[in-house]
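Visitor: Next up is a structure, given as structure tokens.
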């Protein structure tokens with residue numbers, strides 16, 4: 368239980384991201400079923416019934432996933448509340464968060480029940496009504512509920528925002544499944560054009576609602592770049608722009624379809640796959656927003672534009688590390704050990720992982736962290752350059768993924784100097800600290816990069832699932848970086864660091880999905896362009912790390 372309390376903040380963001388995904392796919396699949404699959408099945412020939420069955424199946428599984436995810440969220444929140452405050456289970460379940468979550472679960476279960484009905488008895492009107500109830504319940508877990516002013520407007524805008532995300536991004540899995548079932552050009556074009564119309568409705572809904580929410584939750588330009596809420600909203604805007612470009616590309620492909628052009632359908636599917644990936648990453652950014660106060664409420668401790676420019680102005684990288692013994696926690700632990708030895712008592716720990724107490728940092732702590740980031744940047748720049756040489760045809764450079772092992776080892780030893788193997792805190796005890804846990808996760812991702820991508824390069828594996836591991840892990844790492852936090856007491860310093868991490872996450876997402884496109888597209892200009900984008904993004908990530916500073 369104590370471990371759950373220690374990790375509650377971070378786990379709640381991750382789980383909330385998963386529930387956002389579940390809700391979007393559930394509602395998106397239902398909308399696809401009601402407004403495309405069922406009314407136009409007769410125009411798809413023999414594939415119409417199969418498309419309806421596939422869409423219904425996707426909606427069912429997404430609804431089940433949403434119920435499970437939301438149940439875990441409520442159970443976790445209730446367990447933390449009862450263990451930290453001492454209140455009873457009944458009182459905890461009567462809290463606003465529990466009531467909202469239970470209403471969401473009830474509405475989703477009702478929707479799942481409708482989806483279990485035979486196709487002939489499944490009423491589209493009933494699907495829309497129950498889906499609307501689920502959407503309404505979903506808005507009860509957002510910032511809008513806690514607002515005292517203009518609550519009806521914000522609730523309506525939030526519901527419109529979630530509707531737009533669902534009908535567009537949430538409907539893409541059903542859209543891809545329908546394209547796979549199509550057997551002729553007319554059916555493909557029908558599905559593509561109808562879904563494009565649905566997506567346009569979603570885009571308009573998102574733009575209108577986002578304008579309202581940005582006005583009420585951010586309120587000003589200084590809050591947009593000077594608060595964590597504003598920075599994350601900016602990251603969402605960048606990903607939204609990328610989704611618009613992909614969607615526009617698919618729209619042009621669909622409009623230009625001609626008989627016997629199956630290649631165009633394949634390209635539409637591949638771009639749609641990337642839309643799903645970027646869209647889900649955007650959902651995790653949205654989950655991160657729930658963990659911070661709206662920018663308009665944070666009137667103190669905002670970061671100024673001058674501070675951002677000064678912190679990110681290019682400087683020479685720090686390539687010499689301070690001594691481990693000069694860091695705050697090792698030095699304090701040595702002092703406590705000496706005092707305990709003198710009094711023949713058990714030494715007290717300088718830091719207890721997960722205690723919530725953020726230790727002070729000295730200049731050497733900052734230098735240590737900067738050194739780590741700068742050397743990591745050198746690793747990534749070299750990796751990106753070697754990947755470019757491989758793309759250019761230099762076969763000797765194909766072993767570049769092995770450098771990820773060196774980076775993983777470097778970060779394993781140095782990311783958290785107060786923990787094993789350099790510090791006194793044991794490996795398993797250190798995992799109670801959210802920042803340490805995230806660092807270990809990124810180390811595992813790097814090992815995964817090396818293990819799978821090196822085999823792909825060394826043995827020239829072009830088919831199967833193994834080549835797809837690298838882009839997927841890269842995209843997962845980018846999404847995780849959007850939820851990454853640093854244990855720093857000074858809010859302004861913490862935000863300045865997170866501002867640096869945001870472009871890292873965006874470039875990482877671009878690298879992962881560009882590599883995905885390179886692997887999934889057939890030979891052509893798009894494949895070649897994607898093949899150069901992802902190593903360029905890696906180089907960009909490296910240069911951002913080289914310019915990383917904490918003071």
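Numbering (my numbering), first residue to last: 368 to 918.
Note that beta-carbon positions come from the ideal geometry of N, C-alpha and C, so glycine has one too.
Note that the structure is predicted; figures quoted are calculated from it, not measured.
Shorter than 8 Å, the distance from the beta carbon of residue 568 to the closest heavy atom of the ligand GDP, or not?
Guide: Of the ligands one can find in the structure shown there are none, so the ligand GDP has no counterpart to examine.
Visitor: Under the three-state reduction of DSSP, which class applies to residue 585: helix, strand or coil?
Guide: Three-state result, residue 585: coil.
Visitor: Please classify residue 786: does DSSP put it in a helix, a strand, or coil?
Guide: The answer is strand: DSSP assigns residue 786 an E or B state.
Visitor: Specify, as a first and last residue, the run of the alpha helix (DSSP H) that residue 679 falls within.
Guide: Per DSSP, residue 679 belongs to the alpha helix (DSSP H) from 672-679.
Visitor: Roughly how many whole angstroms lie between the Cα atoms of residue 517 and residue 407?
Guide: Whole-angstrom Cα-Cα distance: 41 Å.
Visitor: For residue 615, is the classification buried or exposed, using 16 other Cβ atoms within 10 angstroms of its Cβ as the cut-off for buried?
Guide: Residue 615 should be labelled exposed.
Visitor: By a C-beta neighbour count over all protein chains shown, 10 Å radius and 16 as the cutoff for buried, is residue 829 buried or exposed?
Guide: The residue in question, residue 829, is exposed, as its Cβ has fewer than 16 Cβ neighbours within 10 Å.
Visitor: According to the Cβ coordinates, are residue 599 and residue 663 closer than 9 Å?
Guide: No, these two residues do not count as a Cβ contact at 9 Å.
Visitor: Tell me, to the nearest whole angstrom, how far the beta carbon of residue 525 is from that of residue 511; I am working on the premise that it is less than 8 Å.
Guide: Yes, residue 525 and residue 511 are in contact; Cβ-Cβ is about 5 Å, under 8 Å.
Visitor: For residue 904 versus residue 872, is the C-beta spacing smaller than 9 Å?
Guide: For residue 904 and residue 872, no; Cβs fall outside 9 Å.
Visitor: Would DSSP call residue 792 helix, strand or coil?
Guide: It is a strand residue.
Visitor: Looking at the structure shown, is residue 865 part of a helix, part of a strand, or coil, going by DSSP?
Guide: Three-state DSSP puts residue 865 in a helix.
Visitor: When the distance is taken between beta carbons, is residue 494 closer than 9 Å to residue 482?
Guide: Cβ distance < 9 Å, so residue 482 and residue 494 count as in contact.
Visitor: Using the beta-carbon count (16 or more within 10 Å), is residue 702 buried or exposed?
Guide: Exposed is the call here.
Visitor: Could you spell out where the alpha helix (DSSP H) holding residue 739 opens and where it closes?
Guide: Note, residue 739: alpha helix (DSSP H), 730-758.
Visitor: Between the alpha carbons of residue 907 and residue 641, how many angstroms are there, rounded?
Guide: Those two C-alpha atoms are separated by around 21 Å.
Visitor: Below 9 Å between beta carbons: does that hold for residue 721 and residue 910?
Guide: Their beta carbons are not under 9 Å apart, which means residue 721 does not touch residue 910 by this criterion.
Visitor: Tell me the residue span of the alpha helix (DSSP H) that contains residue 820.
Guide: Note, residue 820: alpha helix (DSSP H), 801-825.
Visitor: Could you check what DSSP says for residue 717 in three-state terms: helix, strand or coil?
Guide: Residue 717: coil per DSSP, three-state reduction.
Visitor: Would residue 418 and residue 548 be called neighbours here (beta carbons separated by less than 9 Å)?
Guide: A contact, by the Cβ cut-off of 9 Å.
Visitor: Looking only at its own chain, which residues have a Cβ that is under 7 Å from the Cβ of residue 918, when we skip the five neighbours before and after it?
Guide: Excluding sequence neighbours, residue 918 sits near 733.
Visitor: With a threshold of 7 Å on Cβ separation, who are the neighbours of residue 668 within its own chain once the five nearest residues in sequence on each side are excluded?
Guide: Contacts found: 858, 859.
Visitor: Are there three or more Cβ pairs, one per stretch, closer than 8 Å when the stretch 765-775 is compared with the stretch 810-830?
Guide: Contact holds: three or more Cβ-Cβ distances are below 8 Å.
Visitor: Give me, in chain order, the residues of the same chain whose beta-carbon lies closer than 7 Å to that of residue 836; leave out the 5 immediate sequence neighbours on both sides.
Guide: If we look at residue 836 and ignore the five residues flanking it on each side, its Cβ neighbours are 815, 819.
Visitor: Do residue 638 and residue 649 come within 9 Å of each other at the CB atom, strictly closer than that value?
Guide: The answer is no: Cβ separation not under 9 Å.
Visitor: If we call anything under 9 Å between Cβ atoms a contact, is residue 570 one with residue 527?
Guide: Taking 9 Å as the Cβ cut-off, residue 570 and residue 527 do not qualify as a contacting pair.
Visitor: Excluding the 5 residues flanking residue 950 on each side, which residues of the same chain have their C-beta closer than 6 Å to its C-beta?
Guide: Summary: the structure shown does not reach residue 950, with the chain confined to residues 368 through 918, and so no result is reported for it.
Visitor: Do three or more CB pairs link the stretch 396-410 to the stretch 561-579 at distances below 8 Å?
Guide: With a cut-off of 8 Å, the stretch 561-579 and the stretch 396-410 count as touching, because enough Cβ pairs lie within range.
Visitor: So, residue 469 versus residue 633, is the Cβ gap smaller than 9 Å?
Guide: Cβ atoms of residue 469 and residue 633: not closer than 9 Å.
Visitor: Would you call residue 676 buried or exposed, if buried means 16 or more other Cβ atoms sit within 10 Å of its Cβ?
Guide: The residue in question, residue 676, is exposed, as its Cβ has fewer than 16 Cβ neighbours within 10 Å.
Visitor: Pull up the distance between the alpha-carbon of residue 438 and that of residue 741, whole angstroms please.
Guide: For residue 438 and residue 741, the distance between alpha carbons rounds to 42 Å.
Visitor: Report yes if the C-beta distance between residue 862 and residue 594 is below 9 Å; otherwise report no.
Guide: In this structure, residue 594 lies closer than 9 Å to residue 862 by Cβ.
Visitor: Hey, would you say residue 759 sits closer than 9 Å to residue 381, going by beta carbons?
Guide: Against a cut-off of 9 Å, the Cβ pair of residue 381 and residue 759 comes out as no contact.
Visitor: I'd like the list of long-range same chain contacts for residue 884, defined as Cβ closer than 8 Å, with 5 residues on each side in sequence excluded.
Guide: Same-chain partners within the cutoff: 637, 638, 641, 893, 894, 897.
Visitor: On the three-state DSSP scale, how would you describe residue 592?
Guide: In this structure, residue 592 counts as helix in the three-state DSSP scheme.
Visitor: Using a threshold of 9 Å, state whether the C-beta atoms of residue 502 and residue 394 are closer than that.
Guide: Yes, these two residues count as a Cβ contact at 9 Å.
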